[in-house]
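>
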Amino acid sequence: MMRKIFSSCLCLAAAMSVQALDITFDRLSANGVISYQIPQDAPAELNVKVEYKLAGDQAWRIAAVNPYRSATALTILSRDRSPLLAQEHKNGFTEKLAAGRKRTAIWQTARQLPMNQPVSGQIKLTVTAQDKVIKTAEKEFSHDFTGVILLNKFAGNPDIYPAIVAAEKRSNTGWYQEPGKYLEVSEKEDLLEPLIYRHRMKGYYMIYLAVPVTGYSEIALELTGDGFARRFSAWDGYEHTWKAARLDRTHLVIRQMWRTLVKVNDHARARLDYIKFVPISQADYDQLNRWKTAPKDKMLVGYFEPYSWAFRELVTNESDLMQPILAYKNAGFDWVDSQLGRSGSRPLYATELDEPLLGATKGDAPHGSNVQPESLGTGRMVRLVDPVAGVTRSAKALDIATSICFGAANNYRGGPLEAEYSKKYPEKFIGKYYLKYADPEARKYFLGFYEEVLQMGAQNLGLDFCRYPHGVVNKSDATDFLRELRQLANKYSTSEKPVRILVRFPVPGNKGVLMNNGKFDPATWIKEGLVDILVPSDFGGMPFFDISSYVKMAAGTKTRVIPCIDALGSGQPFPGHVLLRANSLYKKGADGVYFYQADSHVVGSMTGLLDNDTETFRKLTSSQLTEQAVKENAAKVADYTTDVYIVYHQPYQSSRLLFWIEGCKPEKVDMYIEDKLISSRTQEPWMLGEMGYANHYTFLGKNKKGHLIIHLPEGKKWRYDFTLKQVLKAYSF
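Sequential numbering of the sequence shown, starting at 1014, is according to this note's numbering.
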């Protein structure tokens, strides 16, 4: 029974009728879905608060609710670890342009309602505008949470093994959980004994978890039988969706991540708030895994840097490399392009052609910092493991293709990664850092590494011209090297096992790259059969490049066109933009998609965010599933809370700013910076400015004010204001 409370003390409230309030509980997450109607004459911006009380309670408590957002919006917010979700849990949230519309809020129930039993109570909705109440409503609810298991007690839990979790903060090393708090560790230099939860559950479950934000928290989880641990990191107010799984005869394993020990007792710790298990039917499970039976017609290729992965991992055995390759397999990838060095830098395996990296090395400084992290992890892998064999054997065992890849540059001059060849022959490099491909001796040096890895068992070869293309000046530079590489590949090929060559290169629009008069000549590569997998790519400024010319070049040949989508933080956000882009590429004839830095989403090697985008990757193996997902997302746009999310990342300043707009269906978007019209667009992507290095933003500086005029149906307009913290001069290339 629903009770409505009318406010009569405010003229604004009295003028508006109170509309319906309803609550259901999602069967897959056990979270509350609260729907309510906004009056027709409501103002453009409203504040919404939801409270609850359980049966028998007297006091109302604030409900941990957020407005309904897409997974894409949440991804964008997560990149900067926005505090917005947690703030909304404490203070309520804002709804824009909601007049006359049904709106939805999502209630995270795990911390607030008792699980594994029937629960009843009431919720109360309060909608205000300019501190005036315009609507209140109450609704009774009753839901049976029986079977929903919440693991949030670790100390003293008889199902946690071994029984080593202390019930108070400890001065010595180990796991502990203070009363009313979460699981965490007191660190030492070595990894702690992993914990297992002997859950005794049977059947299919959806698994969710939360990681507390205190300091910086990360945790690794796996079910026995998975073969690899999934990594999760903290985001305040966010509940991670892990996966659907059958739990019969499994244990849940809780691991401290090695990366938290790179610097012992710093702010990065292993912490875990709770894990939630929600029972689902086999039909639900099959629907969530429909990618396994959908028509598979597209190749999914993922880039992997074992050396970046090893930077913060404990890699001491060849078998350790089975875990990331299995993670790629689990995510639906057909091919893993494993890079083991860049020309002019120290090789990352036991080479005889130069000095490999055996000691410490430095990584890229985090955004906003000039301090480069240092690690022995990569050198440890090179000392103790044969990564060529590790990657190749793992891929063969898992029936997934792999290539050993090298980057065309750079030598990391002056750092621990610089090769002896670079030090001895600086004249073989352009601009100090980039191997000179016009020099036959330089090409011969680089080619030697490809022959070496073929002798070590590599099945296929990869070459990345895109990340650092500076060493290629003329068409003949890259083409001559590829001719030599093809001859080498043919030498090690058999009719049953040809050595395939994958080449990633920057498309026209990037600096110094032109279609008909540039330094890359894919038409010749295809005509001469030099390349099996052609990967046209962007590294800043050309995110939506056209692939029509490459598809036309490759028509009737053995070459497959697999365009690249950048999976770095500076790339397009998952899942919405990625699905839109892949769907567009498929409709233009792409044979699949390649993800540069896919490891950041699959194994967490290039980022602290440790995204779990497995579901999106799996869909991309099927053009049917990809198109279906795009249509499903489009159908939900109007249901989401109305807002604009900005995608713009400073580390790669040739990137383009993207706007992700939800809750409405724009007919046109005008984009202004400092009141100057920069772009007008009538369809997605809502990109500021034009593509291409020559068209980089001219409005450089800090705190650049901008606004959008979003044209809606029926002649309505919505102005959205924003500020860009900083716009720098493009410098990628």
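Cβ coordinates follow ideal geometry from the N, Cα and C atoms, glycine included.
(1) Report the residue from D1297, T1405, E1202 and I1546 whose alpha carbon sits nearest the alpha carbon of R1040.
(2) Which stretch, first to last residue, makes up the alpha helix (DSSP H) that contains H1590?
(3) So Y1505 and L1467 are supposed to be a Cβ contact under 8 Å. How far apart are they, rounded?
(4) Please classify S1332 as buried or exposed, where buried requires at least 16 other C-beta atoms within 10 Å of its C-beta.
(5) Apart from the five residues on each side of it in sequence, which residues of its chain come closer than 6 Å, Cβ to Cβ, to T1186?
(6) Can you check DSSP and say which residues form a bridge with Q1135?
(7) I'd like to know if the stretch 1334-1345 and the stretch 1436-1450 are in contact, where contact means that at least 3 CB-CB pairs between them fall below 8 Å.
(8) Could you check where the alpha helix (DSSP H) with F1158 kicks off and where it finishes?
(9) Have a look at the DSSP bridge pairing and note the partners of Q1739.
(10) Taking contact to mean 3 or more Cβ pairs, one atom from each stretch, closer than 8 Å, check whether the stretch 1553-1568 and the stretch 1595-1604 are in contact.
(11) Report the start-end ranges of each alpha helix (DSSP H) in the stretch 1095-1146 that is 4 residues or longer and not cut off at the edges.
(12) Assuming R1284 and I1220 make a contact with CB atoms under 8 Å, what is their CB distance in whole Å?
(13) Out of curiosity, what's the CA-to-CA distance linking M1029 and E1108?
(14) To the nearest angstrom, how far is it from the Cα of Y1174 to the Cα of Y1362?
(15) Mapping DSSP to helix, strand and coil, what is P1664?
(16) Can you find the residues in the same chain that come closer than 6 Å, C-beta to C-beta, to V1046, ignoring five residues on each side of it along the sequence?
(17) Could you work out which residue in A1281, A1340, I1723 and K1441 is closest to S1358 when comparing CA atoms only?
(18) State the DSSP-derived secondary structure class of N1523, mapped to helix, strand or coil.
(19) Give the straight-line distance between the Cα atoms of A1176 and Y1195, rounded to the nearest whole angstrom.
(20) How many angstroms separate the CA atom of L1222 from the CA atom of L1097?
(21) Name the residue from Q1739, L1547 and F1494 whose alpha carbon lies nearest to the alpha carbon of N1716.
(22) So, are the CB atoms of F1533 and V1485 less than 8 Å apart?
(23) What are the partner residues of V1046, as DSSP defines its beta bridges?
(24) When burial is assigned at 16 or more other CB atoms within 10 Å of the CB, is D1054 buried or exposed?
(25) Report the start-end ranges of each beta strand (DSSP E) in the stretch 1324-1370 that is 3 residues or longer and not cut off at the edges.
(26) What does Y1210 pair with, by DSSP beta-bridge criteria?
(27) Could you name each continuous beta strand (DSSP E) segment of 3 residues or more that falls completely within the stretch 1449-1534, going from the start of the chain to the end?
(28) DSSP beta-bridge partners for E1387?
(29) Within a Cβ cutoff of 6 Å, which residues of the same chain sit near K1689, ignoring the five residues on either side of it in sequence?
(30) Within a Cβ cutoff of 7 Å, which residues of the same chain sit near S1480, ignoring the five residues on either side of it in sequence?
(31) For the alpha helix (DSSP H) containing T1405, list its first residue and its last residue.
(32) Return the CA-CA distance between L1487 and F1494, expressed in angstroms with no decimal places.
(33) With a CB to CB cut of under 8 Å and the five nearest residues on each side skipped, what residues in its chain are close to W1073?
(34) Starting from A1648, trace the alpha helix (DSSP H) in both directions and tell me its first and last residue.
(35) Following a CB-centred definition, is N1104 positioned closer than 7 Å to any heavy atom of the ligand NAP?
Inspection of the coordinates gives the following:
(1) One-based indexing of the sequence shown puts residue 1040 at position 27. Ranking the options by Cα distance to R1040, first place goes to D1297.
(2) Position 577 of the sequence shown, counting from 1, holds the residue named residue 1590. Residues G1589 to K1600.
(3) Sequence index remark: in the sequence shown, residue 1505 carries index 492 (1-based). Sequence index remark: in the sequence shown, residue 1467 carries index 454 (1-based). So it is a contact: roughly 5 Å between Cβ atoms.
(4) Residue numbering aside, residue 1332 sits at position 319 when the sequence shown is read from its first letter. Exposed: under 16 other Cβ atoms inside 10 Å.
(5) In the sequence shown, residue 1186 corresponds to position 173, counting from 1. Same-chain partners within the cutoff: S1199 and K1201.
(6) The residue labelled residue 1135 in the question sits at position 122 within the sequence shown. In DSSP, Q1135 forms a bridge with K1066 and E1153.
(7) They do not touch, by the three-pair rule.
(8) What you label residue 1158 is simply residue 145 of the sequence shown in a count that begins at 1. Secondary structure note for F1158: it is in no alpha helix (DSSP H), with a DSSP letter that is neither H nor E.
(9) The count along the sequence shown starts at 1 and reaches residue 1739 at position 726. For Q1739, the beta-bridge partners assigned by DSSP are K1715.
(10) Yes: at least three Cβ pairs fall under 8 Å.
(11) Entirely contained in the stretch 1095-1146, the alpha helix (DSSP H) runs reaching 4 residues are, in chain order, 1097-1104.
(12) The count along the sequence shown starts at 1 and reaches residue 1284 at position 271. The count along the sequence shown starts at 1 and reaches residue 1220 at position 207. At roughly 18 Å, the Cβ-Cβ gap does not stay under 8 Å, so R1284 and I1220 are not in contact.
(13) Residue 1029 sits at position 16 when you count from the first residue of the sequence shown. Residue 1108 sits at position 95 when you count from the first residue of the sequence shown. In this predicted model, M1029 has a pLDDT of only 36, less than 50, meaning its place in the structure is not dependable enough to derive any value.
(14) Locating residue 1174 in the sequence shown gives position 161, where the first residue counts as 1. Locating residue 1362 in the sequence shown gives position 349, where the first residue counts as 1. Between Y1174 and Y1362, the C-alpha separation is close to 38 Å.
(15) Taking the first residue of the sequence shown as position 1, residue 1664 is located at position 651. Confidence at P1664 is low in this model, with a pLDDT of 49, below 50, so its placement is unreliable and the value that follows should be read with caution. Three-state DSSP puts P1664 in coil, outside helix and strand.
(16) What you label residue 1046 is simply residue 33 of the sequence shown in a count that begins at 1. Same-chain partners within the cutoff: T1037 and D1039.
(17) The residue you call residue 1358 lines up with position 345 of the sequence shown. Among A1281, A1340, I1723 and K1441, the Cα nearest to that of S1358 belongs to K1441.
(18) On the sequence shown, residue 1523 is found 510 positions in, with the first residue counted as 1. In the structure shown, N1523 sits in a strand (DSSP, three-state: E or B).
(19) The sequence position of residue 1176 within the sequence shown is 163, counting from 1. The sequence position of residue 1195 within the sequence shown is 182, counting from 1. Distance between the alpha carbons of A1176 and Y1195 is about 16 Å.
(20) Within the sequence shown, numbered from 1, the residue matching residue 1222 stands at position 209. Within the sequence shown, numbered from 1, the residue matching residue 1097 stands at position 84. Taking the Cα positions, L1222 is about 19 Å away from L1097.
(21) In the sequence shown, residue 1716 corresponds to position 703, counting from 1. Taking only the C-alpha atoms, the option nearest N1716 is Q1739.
(22) As a working note, residue 1533 is residue 520 in the sequence shown. As a working note, residue 1485 is residue 472 in the sequence shown. Cβ atoms of F1533 and V1485: closer than 8 Å.
(23) Indexing the sequence shown from 1 puts residue 1046 at position 33. For V1046, the pairing in a beta bridge is given by DSSP as T1037 and I1119.
(24) Here residue 1054 refers to the residue found at position 41 of the sequence shown. D1054 is exposed by the Cβ-count criterion.
(25) Runs of the beta strand (DSSP E) lying entirely within the stretch 1324-1370 and spanning at least 3 residues, in chain order: 1348-1355.
(26) As a working note, residue 1210 is residue 197 in the sequence shown. Checking the DSSP bridge columns, you'll see Y1210 partnered with I1173 and L1265.
(27) 1474-1477 and 1514-1519, all fully within the stretch 1449-1534.
(28) The residue labelled residue 1387 in the question sits at position 374 within the sequence shown. Assignment of beta-bridge partners to E1387 by DSSP yields K1375.
(29) Along the sequence shown, read from residue 1 onward, the residue named residue 1689 stands at position 676. In its own chain, leaving out the 5 sequence neighbours on each side, no residue places its CB closer than 6 Å to the CB of K1689.
(30) Here residue 1480 refers to the residue found at position 467 of the sequence shown. Contrary to the premise, residue 1480 reads as Arg rather than Ser in this sequence. Cβ within range, chain order: G1420 and F1552.
(31) Numbered from its first residue, the sequence shown carries residue 1405 at position 392. Its alpha helix (DSSP H) spans residues P1400 to A1410.
(32) On the sequence shown, position 474 is the one that residue 1487 refers to. On the sequence shown, position 481 is the one that residue 1494 refers to. In the sequence on display, residue 1487 carries Asn and not Leu. Taking the straight line joining both Cα atoms gives about 12 Å.
(33) In the sequence shown, the residue the question calls residue 1073 occupies position 60. Once the five neighbours on either side are set aside, the close Cβ partners of W1073 are E1064, Y1065, K1066 and K1137.
(34) Locating residue 1648 in the sequence shown gives position 635, counting from the first residue. S1636 to K1649 is the span of the alpha helix (DSSP H), which, as asked, contains A1648.
(35) Of the ligands one can find in the structure shown there are none, so the ligand NAP has no counterpart to examine.
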